[in-house]
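In terms of numbering that gives the first Met the number 0, the sequence shown has 26 at position 27, counting the first letter as 1, and numbering is strictly consecutive.
A virtual CB, placed ideally from N, CA and C, is assigned to each residue, including glycine.
Accompanying notes for the structure given below.
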Amino acid sequence: MIIGVLTLELYIPQSQSLKEKRMVLKSITEKIKHNYNVSIAEVGNQNLWQRSTLALAAVSLKKDDLEKVFAKIENIIEQNGNVLITERVKEFI
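And the structure:
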């Protein structure tokens, strides 16, 4: 069994308030939760209105499966025109 953790630093350039940031993040996290069996939470930069840190965790029997899921999730986020991924860290246990 492999546990994968993906940590993403996000930049939300059009956000002008925490409320706007939360709306963008909620849209992204709901879409990810609906399509993939992962846990996701905002774990950093909660008080900054143009920055966020999301952490995702998933469990699988194979590391390759987790890599594929994480790549698809990154694509979903990058296709959202409101968010840029500035840093990504993958960890496998």
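Rounded Cβ spacing between K30 and I1 (contact assumed at less than 8 Å): That pair is no contact at about 24 Å.
Cut-off 8 Å between Cβ atoms - residues of its own chain near Y35, not counting five sequence neighbours on either side: A57, V68, K71, I72
8 Å Cβ cutoff met for P14 and Q45: The sequence shown places Ser at residue 14, rather than the Pro named in the question. No, Cβ-Cβ distance for S14 and Q45 is not below 8 Å.
Counted within 10 angstroms of its Cβ, other Cβ atoms place K51 as buried (16 or more) or exposed: In the sequence as displayed, the identity of residue 51 is Ser instead of Lys. With 16 or more other Cβ atoms within 10 Å, it is buried.
Contact belief for I39 with L65 at Cβ below 8 Å, rounded distance in angstroms: Incorrect: roughly 14 Å between the Cβ atoms, too far for contact.
Spatially closest choice to G80 from E90, I11, V4, by CA coordinates: I11
Euclidean distance between Cα positions of S59 and L53: 20 Å
Three-state secondary structure (DSSP) of L24: helix
Beta-carbon contacts of T85 that lie in its chain and below 8 Å, excluding the five residues immediately before and after: E8, L9, Y10
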